[in-house]
Structure formats: C-alpha cells, structure tokens
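Sequential numbering of the sequence shown, starting at 1116, is according to the numbering used here. Take a look at the structure set out below.
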Amino acid sequence: MIHLHLTSIVIAIILFLVSAMMHAGSKGQKVTHMILRVFYILILISGGYVFSLQMAGNLAMEYGLKLVGGLLVISMMEIVLMRKEKEKSTGVLWIIFILVLAFTVYMGYRLPLGFLHAGF
1116 MIHLHLTSIV
1126 IAIILFLVSA
1136 MMHAGSKGQK
1146 VTHMILRVFY
1156 ILILISGGYV
1166 FSLQMAGNLA
1176 MEYGLKLVGG
1186 LLVISMMEIV
1196 LMRKEKEKST
1206 GVLWIIFILV
1216 LAFTVYMGYR
1226 LPLGFLHAGF
C-alpha cells in the first residue's frame, strides 16, 4: 500500500504543477484539475490505511504530524489552483505550500516506512 501512496503523491504533484502552469479556466486545466482530485482520493485512502496500521506503534504522534502535513499539502494545492482560477494572488500560498510540502516530505523520509529505512 505504501507504493500506491508514494506513486499517487508523485503523480499528484506533477499534475498540480502542470495544472498550475496552464492557462486558468482552459479546458485542459479543468481536466487536469479533475484528474488531480482523483489522485487526492487515492492519497487519502492509501495514507489513511498506512496511518491506521502505524497507530499501534510508538511513533503514532509523528505519523499524526505527517497526516496533518499531508492534509495541509492537499489543501494548499487545491487553494492555489482555485485562487489561480479566480485570478487572485497566490504568492503567499505558494510559499506556504512549499514549506508544508518540505515538512511532510521530511517526515515521510524520517519515519520507518520512508526511503531512509525501507532499503530502496
């Protein structure tokens, strides 16, 4: 399940960047945004499953922080795209997105199911 989760995250970030670079309101941007929302669902389901398996361990709080970080990343991705579509400023939102993404990726690498411990 962790592979589905990681793959979904990578694809979602790529789709987010593609959608953010497209002209706001174009048909291609709307389609890309809808596909991105499907990947949000995959991330939430697979992440929830991984989280539920790890709650019995001694790192439950750290997994909880990663869960909150992941939810914030998805929220920021959606907010950035919606504000871009409405042609409002997104500068501060991009900074928040990058900071929260960096925190979440760090937590993902640091935890036992991350790349530093999985032997990839």
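Don't be surprised by glycine CBs; every beta carbon is placed ideally from N, CA and C.
Asked, Found
"If we ignore side chains and look at the alpha-carbon of each, how far apart do VAL1207 and ALA1135 end up?", "15 Å"
"Can you check whether the CB of GLY1163 is closer than 7 Å to the CB of GLY1185?", "no"
"If we ignore side chains and look at the alpha-carbon of each, how far apart do HIS1118 and ARG1152 end up?", "19 Å"
"Going by the beta-carbon positions, is the gap between ALA1139 and GLU1200 smaller than 7 Å?", "yes"
"State whether the region 1213-1228 contacts the region 1165-1177, with contact taken as three or more CB pairs (one from each stretch) at a distance under 8 Å.", "yes"
"Decide if LEU1216 is buried, meaning its Cβ has at least 16 other Cβ atoms within 10 Å, or exposed.", "buried"
"Find the nearest neighbour of SER1123 within the set LYS1142, MET1197, ILE1150 and VAL1146, judged by alpha-carbon distance.", "ILE1150"
"Grouping DSSP H, G and I as helix and E and B as strand, with all else coil, what is LYS1145?", "helix"
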